[in-house]
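Undergrad: The sequence shown begins at 1108 in this note's numbering and counts up by one.
Where a beta carbon is used, it is the ideal one built from N, C-alpha and C, also for glycine.
Quick caveat: nothing in here was measured; it's all calculated off a predicted structure.
Provided herewith is a single structure, encoded as structure tokens, for subsequent inquiry.
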Amino acid sequence: MAISDTATAGRVLHISDSAARRVAFLVEQEGRPGLMLRLTVSGGGCAGFQYGFSFDDAVNADDLVFENGGTRVVTDDCSLDLLNGATLDYVEDLMGAAFQIKNPNATSSCGCGTSFGV
């Protein structure tokens, strides 16, 4: 859910309950309750664009913040253009555990899951 729907101009980044729980756990482990997960898209990777994950406690002028159950994810306006309608998920299976982006804008992706093309 967007904190400011007018700022997003109809664009949205969904956060699954599983991802929200995992981010909350990691923030708790860091011992800094104001941290947010920053999700970025940059050029590179094996498919053209790549996702980046980091923690941040600041919201910049061109950032948009999305929330699920008190867990906040921040992304910049340019990254949101490529993430619009995507879902941030956290998946645990026999292959391991990782954040995954289910991005309807991606026309291709690589096997590692962190790189995509449009």
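Excluding five sequence neighbours on each side, which residues of the same chain lie with their C-beta closer than 6 Å to the C-beta of L1144?
TA: V1130, V1180
Undergrad: Classify R1129 as helix, strand or coil using the three-state DSSP reduction.
TA: helix
Undergrad: To which residues of the same chain is M1108 closer than 7 Å at the C-beta, ignoring the five residues directly before and after it?
TA: Because the pLDDT at M1108 is just 40, under 50, the model does not fix this residue reliably, and the point stays unresolved.
Undergrad: If you pair each beta-carbon of the stretch 1187–1197 with each one of the stretch 1117–1136, do three or more pairs fall below 8 Å?
TA: Cβ pair count under 8 Å is three or more, so yes.
Undergrad: Closest to L1146 by CA distance: which of F1156, F1160, E1199, P1140 is it?
TA: F1160
Undergrad: Can you tell me the Cα-Cα spacing of A1126 and G1155, whole angstroms?
TA: 25 Å
Undergrad: Tell me the residue span of the alpha helix (DSSP H) that contains L1146.
TA: Note, L1146: premise wrong, no alpha helix (DSSP H); beta strand (DSSP E) at 1143–1151.
Undergrad: Tell me which residue opens and which closes the alpha helix (DSSP H) that L1190 is part of.
TA: 1184–1190
Undergrad: Should L1187 go down as buried or exposed, given a rule of 16 or more other Cβ atoms within 10 Å for buried?
TA: Classification of L1187: buried, given that the 10 Å Cβ count is 16 or more.
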